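Colleague: Just dropping this structure here.
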DNA sequence: CTTACGGCCTGTACGC
DNA sequence: TGCGTACAGGCCGTAA
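And the structure:
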């Protein structure tokens, strides 16, 4: 499930459950996820205490008192389950790859069927130079992500605006659901070309609207507990419910929700990923591809 | 340098 | 019921 809102919620749940606790034991059920686990993975975690939590784009950062940071990415299907005990009928057992045992007697399970997720450990002082983090752009919810920045960053890229929003080196945290939803909210067509975009007089205003929409949608999704697709659960077992507020994602062939718009939601492929949009109210720009 | 796309995995849905 | 195919919340690494 995890885009920025889901990652943020999972981070907050973990923080609430185990911040300031120590990691009394770690069970590692396989040698790799997307990448091999780092050298001495368990040794570096065991016995340490958690000092704080952070997030960079879709990465969760868990800071430890031994000057290491645990770096976690959930990939497509990664999730955490926080439990007080382990039921015998644990149906996730097959995909439970790492289990953390904390000093407040909680069991934190990392579950990831597709194993596109990853874990790594870095020194706190070197976190910004980590190979997977160093090129990531400003967070989608930060002030640094604004119209001026976005316009400058994407101008003359040979891709469309939707693909640009998914590029974590441009802006951190937006995924395939919220890219479509934000473009719909701002009434911008996903076909809009970045090439030469700075030269169009409507671009500044469009980018202002888009940035506002991105933040609005992401914040609203966080408030809603994120989006639950398939059988995903939040770490406490609850369902997110933002999926009930999708206007375009997974809404192919449905009528557009916007007042006075009689358009039908379309599904297309852009850079190999699905894009959903209304070709009636998401303005055709004169600089579309 | 930039951009395009194969590949990593499992699970599910659907057509035959 | 089974089997083949397409697709799914991400993104690295390599080719071009």
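Numbering (my numbering), first residue to last: 356 to 644. For glycine and all other residues, C-beta sits at the position ideal for the given N, C-alpha and C. Predicted model, so just to flag it, every value in this text is computed and none were measured.
With DSSP as the reference, identify every bridge partner of residue 548, one or two as the case may be.
Modeller: Numbered from its first residue, the first chain carries residue 548 at position 193. 515, per the DSSP bridge assignment.
Colleague: Would you mind reading off the limits of the alpha helix (DSSP H) that contains residue 396?
Modeller: Looking up residue 396 in the first chain gives position 41. Unbroken alpha helix (DSSP H) run through residue 396: 396-400.
Colleague: Among the residues of its own chain, which have a CB less than 6 Å from the CB of residue 651, if the five just before and after it don't count?
Modeller: No statement about residue 651 is possible, as the shown extent of the chain runs from 356 to 644 and does not include it.
Colleague: Fully enclosed by the stretch 536-621, which beta strand (DSSP E) runs are 3 residues long or longer?
Modeller: The stretch 536-621 contains no whole beta strand (DSSP E) run of 3 or more residues.
Colleague: In chain order, what residues of the same chain lie with their CB nearer than 8 Å to the CB of residue 493, ignoring the 5 residues before and after it?
Modeller: Looking up residue 493 in the first chain gives position 138. 499, 500, 504, 526, 527.
Colleague: For the pair the stretch 505-516 and the stretch 445-463, tell me if three or more CB-CB distances fall below 8 Å.
Modeller: Verdict: no, contact absent.
Colleague: With DSSP run on the structure shown, which of helix, strand or coil describes residue 367?
Modeller: Numbered from 1 along the first chain, position 12 holds the residue referred to as residue 367. Residue 367 falls in the helix class under three-state DSSP.
Colleague: Rounded to the nearest angstrom, what separates residue 491 and residue 415 at their Cα positions?
Modeller: To locate residue 491, count along the first chain from 1; it is residue 136. To locate residue 415, count along the first chain from 1; it is residue 60. Roughly 14 Å between the two C-alpha positions.
Colleague: With the cut-off set at 7 Å, would you say residue 629 and residue 622 are in Cβ contact?
Modeller: Position 274 of the first chain holds residue 629. Position 267 of the first chain holds residue 622. In contact: residue 629 and residue 622 (Cβ atoms closer than 7 Å).
Colleague: Short check: CB of residue 506 to CB of residue 553, under 7 Å?
Modeller: Taking the first residue of the first chain as 1, we reach residue 506 at position 151. Taking the first residue of the first chain as 1, we reach residue 553 at position 198. In contact: residue 506 and residue 553 (Cβ atoms closer than 7 Å).
Colleague: Going by alpha carbons, who is nearest to residue 560 out of 576, 546, 571, 542?
Modeller: Counting from 1 along the first chain, the entry for residue 560 is found at position 205. Nearest option by C-alpha distance: 542.
Colleague: In terms of residues, what are the limits of the alpha helix (DSSP H) holding residue 506?
Modeller: Taking the first chain and counting its residues from 1, the one referred to as residue 506 is at position 151. First-last of the alpha helix (DSSP H) with residue 506: 502-509.
Colleague: Taking residue 407 as the reference, which of 423, 359, 461, 537 has the closest Cα?
Modeller: As a first step, residue 407 must be located in the first chain, where it is residue number 52. The shortest C-alpha separation from residue 407 is found at 423.
Colleague: If we count the other Cβ atoms within 10 Å of its Cβ and call it buried at 16 or more, is residue 486 buried or exposed?
Modeller: Within the first chain, numbered from 1, the residue matching residue 486 stands at position 131. Counting Cβ neighbours within 10 Å, residue 486 comes out exposed, since fewer than 16 surround it.
Colleague: Beta strand (DSSP E) containing residue 629: first to last residue?
Modeller: By one-based count along the first chain, residue 629 stands at place 274. Residues 628-633.
Colleague: When DSSP builds the beta bridges, which residues end up paired with residue 431?
Modeller: Taking the first residue of the first chain as 1, we reach residue 431 at position 76. BP columns for residue 431 are empty, so no partner.
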